[in-house]
Amino acid sequence: MSIYDEITSVLKKTKLFKTNIIKIKDIKELELKKIIFLGKKGIFSEIFKKMSCLCQLERKKWSIEINKIKKEIQYLIKSKETKILNSNLQNKINSEKIDVTLPCKRFNIGSIHPISKTIYEIEDYFSKMGFNVVNGNFEIEDEYHNFDALNIPKDHPARESHDTFWINNNYLLRTQMSSMQIRILKENKFPVKTLVSGKAYRNDYDAKHTPMFHQIEGLVIDKKINFSNLKWIMSSFIDSFFKEKVTKRFRSSFFPFTVPSMEVDILKEEKYWIEILGCGMVHPTILKKINVNTDKYQGCAFGMGVERLVMLRNKVTDIRLFFENDLRFLKQFK
Ligand code: DAH
Numbered sequence: 020m021s022i023y024d025e026i027t028s029v030l031k032k033t034k035l036f037k038t039n040i041i042k043i044k045d046i047k048e049l050e051l052k053k054i055i056f057l058g059k060k061g062i063f064s065e066i067f068k069k070m071s072c073l074c075q076l077e078r079k080k081w082s083i084e085i086n087k088i089k090k091e092i093q094y095l096i097k098s099k100e101t102k103i104l105n106s107n108l109q110n111k112i113n114s115e116k117i118d119v120t121l122p123c124k125r126f127n128i129g130s131i132h133p134i135s136k137t138i139y140e141i142e143d144y145f146s147k148m149g150f151n152v153v154n155g156n157f158e159i160e161d162e163y164h165n166f167d168a169l170n171i172p173k174d175h176p177a178r179e180s181h182d183t184f185w186i187n188n189n190y191l192l193r194t195q196m197s198s199m200q201i202r203i204l205k206e207n208k209f210p211v212k213t214l215v216s217g218k219a220y221r222n223d224y225d226a227k228h229t230p231m232f233h234q235i236e237g238l239v240i241d242k243k244i245n246f247s248n249l250k251w252i253m254s255s256f257i258d259s260f261f262k263e264k265v266t267k268r269f270r271s272s273f274f275p276f277t278v279p280s281m282e283v284d285i286l287k288e289e290k291y292w293i294e295i296l297g298c299g300m301v302h303p304t305i306l307k308k309i310n311v312n313t314d315k316y317q318g319c320a321f322g323m324g325v326e327r328l329v330m331l332r333n334k335v336t337d338i339r340l341f342f343e344n345d346l347r348f349l350k351q352f353k
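Residue numbers for the sequence shown follow our numbering, so the first one is 20 and each next one is one higher.
Have a look at this one:
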């Protein structure tokens, strides 16, 4: 094939490409064409090489001509490339379009359980009163701290298995937070002003009792602590908890670890007296157990059920609701 035939073939191929480029839709196909025409061993570099056999004049003439066509092809390929890339991008944007008017997903934010919340609230109240708030571990307690140390006689019905969950002959699930009293007294230097909260367990189940419930126990030991101090502490706590001046009744009662002992009732709907807590002056025998000079130091103590307090304040009629985790119930305390 003469060099002129070759040049004619190049001209034909480029002409054909110019009319067909419109059909190219795919970037890969375009790149292939780019290599065929403009690559190192492509149509243009080959023809330029071959033109070296032409005389100077002819070579100059054809070089100018073919360079012009090459530039045209370069331009066409470049603009086609931009077009394809832009349309690809547009397709991608269209397919991934976000409808900003759609309603967003709802977030359910958890909240603190009403019992925990009330414990924090009461702890906060007493810590502002100068009480030391401590952690009431020892859910598994020994017989000594739960009963013996608190003067509860060996034959007391509370010790029986229908009231107490025994683990073995010596250990049990504590039935009251008062079991922390001796531990608190042993650990602290006097004066003591401590509040402790935690779980207590009793073999009971109905609308007013669950086998596990929460109690808060307070203990104050100091010189000259008397019954009026205890009454004032209880009275101001109750008013603060119910956020109003509550009518209260301090009713004489019996607990083996306090003397005298009282239960505090509050008047509901101006009709019913409802018991809300137990308290009393710490029994001297308890203080003597840890060698406290009872002529010098006296103390008072109180204990209350957290569920009961929340039930009274929020008019909850069944204690079991606290542990069923029904969100319709729990959300009301948010
Ligand atoms: N521990 C008692 C109970 O579970 C409550 C109680 C009564 C605690 C009198 C006290 C107290 O500290 O002095 O019923």
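Note that beta-carbon positions come from the ideal geometry of N, C-alpha and C, so glycine has one too.
C-beta contact flag for residue i and residue j at 8 Å
i, j, result
"residue 146", "residue 276", "no"
"residue 318", "residue 214", "no"
"residue 66", "residue 92", "no"
"residue 266", "residue 252", "no"
"residue 176", "residue 341", "no"
"residue 298", "residue 311", "no"
"residue 261", "residue 178", "no"
"residue 52", "residue 36", "yes"
"residue 168", "residue 295", "no"
"residue 293", "residue 141", "no"
"residue 150", "residue 212", "yes"
Contacts around residue i, its chain only, beta-carbon distance under 7 Å, and the 5 residues preceding and following it disregarded
i, result
"residue 210", "240 and 241"
"residue 184", "191, 192, 220 and 222"
"residue 335", "329"
"residue 315", "242"
"residue 144", "256 and 259"
"residue 25", "66 and 69"
"residue 162", "189 and 191"
"residue 224", "230"
"residue 181", "222"
"residue 22", "69, 70, 72 and 73"
"residue 55", "61 and 62"
"residue 271", "279 and 281"
"residue 155", "196, 199, 215, 216 and 217"
Identified DSSP bridge partners for residue i
i, result
"residue 154", "216"
"residue 185", "191"
"residue 272", "280"
"residue 356", "Only positions 20 to 353 of the chain appear in the structure, and residue 356 is not among them; the question remains open."
"residue 317", "241"
"residue 298", "281 and 321"
"residue 267", "285"
"residue 211", "240"
Beta-carbon proximity list for residue i, same chain, < 8 Å, skipping 5 on both sides
i, result
"residue 353", "130"
"residue 309", "201, 204 and 205"
"residue 158", "192, 193, 217, 218 and 220"
"residue 287", "293 and 331"
"residue 186", "159 and 192"
CB contact below 8 Å: residue i versus chain B
i, result
"residue 313", "Judged by its chain identifiers, the structure shown contains no chain B, having just a single protein chain."
Closest Cα partner of residue i within the set the options
i, options, result
"residue 256", "194, 322, 230 and 201", "322"
"residue 31", "100, 88 and 264", "88"
"residue 139", "233, 79 and 47", "233"
"residue 247", "168, 172, 216 and 300", "300"
"residue 41", "100, 124 and 29", "100"
"residue 268", "254, 278 and 274", "254"
"residue 44", "22, 80, 104 and 293", "104"
"residue 227", "337, 307 and 120", "337"
"residue 137", "344, 326 and 351", "326"
"residue 250", "56, 281 and 263", "281"
"residue 303", "344, 264, 77 and 320", "320"
"residue 170", "344, 278 and 38", "278"
"residue 264", "346, 289, 148 and 124", "289"
"residue 27", "61, 81 and 47", "81"
"residue 199", "33, 173 and 164", "164"
Neighbourhood of residue i by C-beta distance below 6 Å, restricted to the same chain and skipping five residues each side
i, result
"residue 195", "219"
"residue 113", "none"
"residue 348", "340"
"residue 152", "142, 146 and 214"
"residue 96", "53"
"residue 273", "280"
The ligand ZN heavy atom lying under 7 Å from the CB of residue i
i, result
"residue 254", "Absence of the ligand ZN from the depicted structure is noted, with the ligand DAH being the only ligands included."
Considering only residues of the stretch 220–263, which uninterrupted alpha helix (DSSP H) runs meet the minimum length of 4 residues and lie entirely inside it, listed in chain order? 246–261
Go through the stretch 130–182 residue by residue and report every complete run of the beta strand (DSSP E) that reaches 3 residues or more, in order. 151–154 and 159–161
Every unbroken alpha helix (DSSP H) within the stretch 26–110, with a cutoff of 4 residues, ordered by chain: 46–57 and 62–69
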